[in-house]
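Reviewing the structure listed below.
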Amino acid sequence: MMNQPSYHPSLGVPAAPLPPNALACPWCDCPAVPSPVAQSCAGCRRRFTLSAGPALDGSVMPAPYHPAAMRIALKWSMVVTYGFATLEPPGIHSGTLDPVLAVAPIEQTSIAYGDVVSIAVWRKVAWGDCIAATLLLVPLALLAAWIAILAVTKAGGVAAVSAAIALALGCLAAWLYRRGIVVGRRQARIVGRWASARVPFETSPAFHEELFRRCGIARPLVP
Ligand SMILES: [Zn+2]
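With positions in the sequence shown counted from 1, the corresponding number in this note's numbering is that position plus 899.
This is how it looks when you write it as structure tokens:
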């Protein structure tokens, strides 16, 4: 649909062809069409949202530039180095930080809000949390509950303590399942005209909100 080189209305110069992943499923790169609500991929069936940005849809207007706009910075650990993404007043900076102090960018790209072609958001299950809850906390909670049941007629104190431990472990397991499945690992893929970025943002709901607001896109719910 929009894969032909087109003219940017405000500049009147030929724009670059769309990056190939701008209109694709973030899981498997099957072609996808932007939609205001979450969709399932035609190829891999997994869920995501895909929103058209100002550089794709002329009706999407980025928020006016504000030099004092809040700076929202995210940093995450990769295998050796650290990744970072920052919402600055004019756009998104993202890249890799040095492996020693994790402060100096060793590779960096910038995307102006008005150059955003599309944003995809998806959520992966945090398997580590679910496995820890299933293999460690749930068996221990059941063991404590079992001890409480065995001790209830003979030793009331032991039974009460065991029941309290079982309850605490059960709550901890529930919290880990929530963190693993409901919150999950939230990812955003921001495709700009000249560069793209991939940001895990589950630690910062503000990043997600501000990213969409500054690009002028109505923010869909996280799928
Ligand atoms: Zn897919």
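Note that the Cβ used here is the ideal one computed from N, Cα and C, for glycine as well.
Subject >> Whole-angstrom distance between A1072 and G1056, CA atom to CA atom >> reply: To locate residue 1056, count along the sequence shown from 1; it is residue 157. To locate residue 1072, count along the sequence shown from 1; it is residue 173. If I take the Cα positions, the gap works out to 24 Å.
**OP:** Taking only heavy atoms of ligand 1 into account, decide whether any of them is closer than 7 Å to the Cβ of R1097.
**Re:** If you number the sequence shown from 1, residue 1097 lands on position 198. In this structure, the C-beta of R1097 stays at least 7 Å away from each heavy atom of ligand 1.
Original post:
By a C-beta neighbour count over all protein chains shown, 10 Å radius and 16 as the cutoff for buried, is H965 buried or exposed?
Top reply: Stepping through the sequence shown from its first residue, residue 965 is reached at position 66. So H965 ends up on the exposed side.
Original post:
Secondary structure at R1112, three-state DSSP: helix, strand or coil?
Top reply: Within the sequence shown, residue 1112 is the residue found at index 213, counting from 1. DSSP places R1112 in helix when its eight states are reduced to three.
Original post:
Can you give, in chain order, each stretch of the alpha helix (DSSP H) that sits fully within the segment 991 to 1042 and has at least 4 residues?
Top reply: Taken in chain order, the complete alpha helix (DSSP H) segments of 4 residues or longer contained in the segment 991 to 1042 are 1026 to 1031.
Original post:
Does the segment 1073 to 1089 come close enough to the segment 1011 to 1024 to have 3 or more Cβ pairs within less than 8 Å?
Top reply: yes
**OP:** Could you spell out the range, first to last residue, of the alpha helix (DSSP H) harbouring L1075?
**Re:** Working through the sequence shown from its first residue, we reach residue 1075 at position 176. Looking at the DSSP string, the run of the alpha helix (DSSP H) that includes L1075 is 1055 to 1076.
Subject >> Between the CA atoms of A1094 and A984 - distance to the nearest angstrom >> reply: Numbered from its first residue, the sequence shown carries residue 984 at position 85. Numbered from its first residue, the sequence shown carries residue 1094 at position 195. The alpha-carbon atoms of A984 and A1094 are separated by roughly 13 Å.
Original post:
Helix, strand or coil: how does DSSP classify L1120 here?
Top reply: Counted from its first residue, the sequence shown places residue 1120 at position 221. If DSSP states are grouped into helix, strand and coil, L1120 belongs with coil.
Subject >> Burial state of D888 (16 or more Cβ within 10 Å) >> reply: No answer is possible for residue 888: it lies beyond the span of the chain, which begins at 900 and ends at 1122.
Original post:
Nearest CA to the CA of A941: which residue from W926, G1069, P935?
Top reply: Indexing the sequence shown from 1 puts residue 941 at position 42. Among W926, G1069, P935, the Cα nearest to that of A941 belongs to W926.
Original post:
Which partner residues of F947 appear in the DSSP bridge assignment?
Top reply: As a first step, residue 947 is located in the sequence shown; it is residue number 48 there, counting from the start. Looking at the DSSP assignment, F947 forms a beta bridge with Q938.
Subject >> Buried/exposed call for I1089, threshold 16 Cβ in 10 Å >> reply: As a position in the sequence shown, residue 1089 is number 190, starting the count at 1. It is buried - the Cβ of I1089 has at least 16 other Cβ atoms within 10 Å.
**OP:** Could you spell out the range, first to last residue, of the beta strand (DSSP E) harbouring T985?
**Re:** Residue mapping note: residue 985 aligns to position 86 of the sequence shown, counting from 1. T985 -> beta strand (DSSP E) spans 981 to 986.
Subject >> P953 vs G1079 beta-carbon contact at 8 Å >> reply: Locating residue 953 in the sequence shown gives position 54, where the first residue counts as 1. Locating residue 1079 in the sequence shown gives position 180, where the first residue counts as 1. No. Outside cutoff.
Original post:
In angstroms, rounded to a whole number, what distance separates the CA positions of R945 and K1053?
Top reply: Taking the first residue of the sequence shown as 1, we reach residue 945 at position 46. Taking the first residue of the sequence shown as 1, we reach residue 1053 at position 154. So the alpha carbons of these two residues sit roughly 53 Å apart.
Original post:
By a C-beta neighbour count over all protein chains shown, 10 Å radius and 16 as the cutoff for buried, is I1014 buried or exposed?
Top reply: Along the sequence shown, read from residue 1 onward, the residue named residue 1014 stands at position 115. Before going on, a small fix: residue 1014 reads as Asp here, not Ile. Result: buried.
Subject >> Pocket of ligand 1 defined by Cβ to heavy atom distance under 6 Å >> reply: C924, W926, C927, C929, C940, G942, C943, R945
**OP:** Could you pull the start and end residues of the beta strand (DSSP E) that L1132 belongs to?
**Re:** An answer regarding residue 1132 cannot be provided, because it is not within the stretch 900 to 1122 covered by the chain.
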